[in-house]
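Engineer:
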Amino acid sequence: MNAPTQTPKGDLRWVAIDIWTIARRNLLTLIRIPISLVFAIVQPVMFVLLFRYVFGGAIHIAHGQYVNFLIPGILVQTTIFGAVGTAIGLAEDLQRGLIERFRALPMARTAVLGGRTVADLARNILVLVVITVVGFAVGFRPHGGVGPYLEASLLMLYFAYALSWGFAFVGLAAPNSETAQAMTFPIIFPITFASSIFVQVQSMPWWLQDFARNQPVSQAANAVRGLMLGTPTGNSVWLTLIWGTGALLVLAPLATMRYRRAA
Amino acid sequence: MRALDDVSLHVARGEVFGLLGPNGSGKTTMVRILSTILAPDSGSAIVNGFDVVRQADAVRRSIGLAGQYATVDENLTGFENLRMIGRLNHLDRATVRRRANELLEQFGLADAATRNVKTYSGGMRRRLDLAAALVATPPLLFLDEPTTGLDPQSRQDLWAIIEQLVEDGTTVLLTTQYLEEADRLAKQLVVLDHGHIIAQGTSRELKTRLGATVLELTFESTDGAARGAEILRAVAGNAMNIEGTVVEYTVDGGPAAAADALRRLDAANIALAGLVLREPSLDDVFLSLTGHRAEDEVVKPAPVTRSVRR
Chain A
1 MNAPTQTPKG DLRWVAIDIW TIARRNLLTL IRIPISLVFA IVQPVMFVLL FRYVFGGAIH
61 IAHGQYVNFL IPGILVQTTI FGAVGTAIGL AEDLQRGLIE RFRALPMART AVLGGRTVAD
121 LARNILVLVV ITVVGFAVGF RPHGGVGPYL EASLLMLYFA YALSWGFAFV GLAAPNSETA
181 QAMTFPIIFP ITFASSIFVQ VQSMPWWLQD FARNQPVSQA ANAVRGLMLG TPTGNSVWLT
241 LIWGTGALLV LAPLATMRYR RAA
Chain B
1001 MRALDDVSLH VARGEVFGLL GPNGSGKTTM VRILSTILAP DSGSAIVNGF DVVRQADAVR
1061 RSIGLAGQYA TVDENLTGFE NLRMIGRLNH LDRATVRRRA NELLEQFGLA DAATRNVKTY
1121 SGGMRRRLDL AAALVATPPL LFLDEPTTGL DPQSRQDLWA IIEQLVEDGT TVLLTTQYLE
1181 EADRLAKQLV VLDHGHIIAQ GTSRELKTRL GATVLELTFE STDGAARGAE ILRAVAGNAM
1241 NIEGTVVEYT VDGGPAAAAD ALRRLDAANI ALAGLVLREP SLDDVFLSLT GHRAEDEVVK
1301 PAPVTRSVRR
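Those protein sequence lines, which keep their order, are chains A and B.
Note that the numbering used here numbers the first sequence so that position 99 is 99, with each residue one more than the last.
Basically the numbering used here = 1-based index in the second sequence + 1000.
1. So, under 8 angstroms CB-CB, F198 of chain A and F81 of chain A are touching, yes? Tell me the CB distance rounded to an integer number of Å.
2. Mind checking if D1252 of chain B is an interface residue toward chain A, Cβ cutoff 9 angstroms exclusive?
3. Between V201 of chain A and R213 of chain A, is the Cβ-Cβ spacing less than 9 angstroms?
4. Beta-carbon within less than 6 angstroms of A255 of chain A's beta-carbon, same chain only, minus the 5 sequence neighbours each way: which residues are those?
5. Rounded to a whole number of angstroms, what is the C-alpha to C-alpha distance between G145 of chain A and L239 of chain A?
6. Just the C-alpha distance for V1172 of chain B and G1067 of chain B, rounded to the nearest angstrom, thanks.
7. What number of angstroms, rounded off, separates the C-alpha of Q1055 of chain B from the C-alpha of S1042 of chain B?
8. Nearest to A87 of chain A by alpha carbon, out of A:A119, A:R32, A:V127, A:F140?
9. At a Cβ cut of 7 angstroms, what residues of the region 9-29 of chain A count as close to chain B, listed as they run along the chain?
10. What residue does the alpha helix (DSSP H) around G257 of chain A start on, and which one ends it?
11. In the region 104-167 of chain A, which residue ranges form an unbroken beta strand (DSSP E) of at least 3 residues, counting only runs that do not cross its ends?
12. Tell me the DSSP secondary structure of R1054 of chain B in three-state form.
13. Using a beta-carbon distance below 9 angstroms, is I1037 of chain B in contact with chain A?
14. Can you find the residues in the same chain that come closer than 7 angstroms, C-beta to C-beta, to Y284 of chain A, ignoring five residues on each side of it along the sequence?
15. Is there a Cβ from chain B that is less than 9 angstroms from the Cβ of I33 of chain A?
16. Taking C-beta to C-beta, are M156 of chain A and L75 of chain A nearer than 9 angstroms?
17. Chain B beta carbons: is any one of them nearer than 9 angstroms to that of G97 of chain A?
18. What does G1067 of chain B touch in chain A if you count any residue whose Cβ is under 8 angstroms from its own?
19. Would you kindly check if the distance between the Cβ of I1063 of chain B and the Cβ of F1142 of chain B is under 9 angstroms?
20. Which residues of chain B have a Cβ atom closer than 8 angstroms to the Cβ of A221 of chain A, listed in chain order?
21. Is L105 of chain A close to chain B, meaning its C-beta is less than 9 angstroms from at least one C-beta of that chain?
22. What number of angstroms, rounded off, separates the C-alpha of G1014 of chain B from the C-alpha of A1132 of chain B?
23. So G1086 of chain B packs on V1135 of chain B, CB below 8 angstroms; how close in whole Å?
24. Give the straight-line distance between the Cα atoms of F1079 of chain B and R1098 of chain B, rounded to the nearest whole angstrom.
25. Can you tell me where the beta strand (DSSP E) holding E1248 of chain B begins and where it ends?
26. Could you give the distance in angstroms between the alpha-carbon of R101 of chain A and the alpha-carbon of A16 of chain A?
27. Quick one: grab the DSSP three-state call for Q1068 of chain B.
28. If I follow the unbroken alpha helix (DSSP H) through N1023 of chain B, where does it start and stop?
29. If you follow the alpha helix (DSSP H) that I22 of chain A is part of, which residue opens it and which one closes it?
30. Tell me, please, which residues DSSP counts as bridged to D1193 of chain B.
31. Please list, in chain order, the chain A residues whose beta carbon lies closer than 8 angstroms to that of T1171 of chain B.
32. Taking one C-beta from the region 203-222 of chain A and one from the region 122-140 of chain A each time, how about it: are there three or more such pairs within less than 8 angstroms?
33. Does A174 of chain A come within less than 9 angstroms of chain B when only Cβ atoms are used?
34. Which chain A residues sit within Cβ distance under 7 angstroms of E1080 of chain B?
35. Of all the options A:V237, A:T231, A:G230, A:P232, which has the alpha carbon lying nearest to the alpha carbon of P216 of chain A?
36. Check whether chain E comes within 9 angstroms of M1084 of chain B, counting only Cβ atoms and requiring the distance to be less than that.
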């Protein structure tokens, strides 16, 4: 009987391979169930149409057109909402016993979460492209230039990726995927709606303004909007990077710890 | 609550060791600890010479785990499942491909290799699950209730596969609720109840203690059953079970014992509605060993995983 090929512990190459193996599995799932991808796209498209044509007329913006204010916000919201999929996917894996099987394998401990978040990042990129196209179709005309537009895209993907580790934690803590989804709403609704994503913070009651103005999602929305439209970004780009990095440094170890205990 | 208490066992290389017990007896907890999925609160275990807590990674490299819930990814094909598990076992690409194809062929899944597992039958899923546990050719295999919920034919197929593996030198730790399965596959057995070992030995030893056959008599009335039991107690020995109109007890010589019972009941003029001779079940083992039925103990699902924390 031949012994299994052994690898030295902590070999970074194998950590990367493990993450890729899991990410590939999740991407294959995405392709096999195209309906889930369709819904990942339909929902933000609905948000675009809803705010562009239903609420848009009632929302007043100090400068410029609402559609130009809206689309960068929707893009940020969409990438953050992508993390709900992270939570649901992990809760499903846990429920079906796959995590159990992974835990009995000599693979890197971070790979199940790393592979999941990386695959969800890839899905986010696709959704981002689609919503950008839809945005242009409904009249979005940014004047910041292509370079800053790409910078803005990378910035929001990074920010959303960092947050997705927090949702990985939620997914592992939930008893099943339905509950995981329900658990994400009380987190995701306040941070995306009580923010500068859809409206200017000045329009909110005073007690909400302080939170809405300073919370990280607003910083991300301001940074992305400023870069795309070519308007001043102030400190928002740096603050978004700092918030994102801080979130990653706290949430990734937290989720990994939870993974080690999950059963 | 303790899921496992004072359980000590030694599995010899190359044999099939059976853990027999009802739901909640601690079998699965045992497998989870030995396969490093759970860390024990106290106590120790050595698997293939490695400590399950301090050398968990070395243990993981030397074991395969196939579970009762057939943990394969149903959105991937059979081949993709094996490729994923093979890569996560850190085998190189060529070895993974070779092993995956070998195993798919060996387990009769070659035709279904490129189909999504979603389309597989229950028996096919179990075989794929077992194949996944074997991709890295581990010397030790954990099988946690491998045939629970399978139809008789799939069960026979899986047993044949497991027997072949053992013949080829794999050591197997098997958990099961079925005495028949333990009897067919395992040389050595322990019977678990509430996390305690209540019996151990070879399957033959256990059966000898128990009696080889169960005689099940159905009377026409509960009154008749009570009177019949009275008469038969002289030959029934220690464990006679009376439930409504049914009286059952284990016997050694099946037909002779049945004829004897009929003669005695006939002499007392007590009529029978039915008579069955059958193989003893796990339930009978429990009744004989503990004086209580296995089912009585699983009214609520035992929180076995909660008590063992990392």
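Heads up, the beta-carbon is just placed ideally off N, CA and C, and yes, glycines get one too.
Structural biologist: From the atom records:
1. 13 angstroms between Cβ atoms; not a contact.
2. no
3. yes
4. L113, W165, A168, F169
5. 22 angstroms
6. 13 angstroms
7. 16 angstroms
8. A:A119
9. K9, W14, I17, D18, T21, R25, L28, T29
10. Strictly speaking, residue 257 of chain A in this sequence is Met, with Gly absent from that position. M257 of chain A -> alpha helix (DSSP H) spans 236-261.
11. none
12. coil
13. yes
14. With chain A running from 1 to 263 in the structure shown, residue 284 of chain A is simply not present.
15. yes
16. yes
17. yes
18. G97, E100, R101
19. yes
20. Result: empty, since nearest Cβ-Cβ is about 34 angstroms, beyond 8 angstroms.
21. yes
22. 20 angstroms
23. 4 angstroms
24. 11 angstroms
25. 1246-1251
26. 19 angstroms
27. coil
28. Premise fails: N1023 of chain B is in no alpha helix (DSSP H) and is neither H nor E.
29. 12-32
30. B:H1196
31. Those do not exist, as T1171 of chain B stays about 10 angstroms from chain A at its closest Cβ, beyond 8 angstroms.
32. no
33. no
34. L28
35. A:V237
36. Checking the listed chains, one finds no chain E in this structure; the protein chains it contains are A and B.
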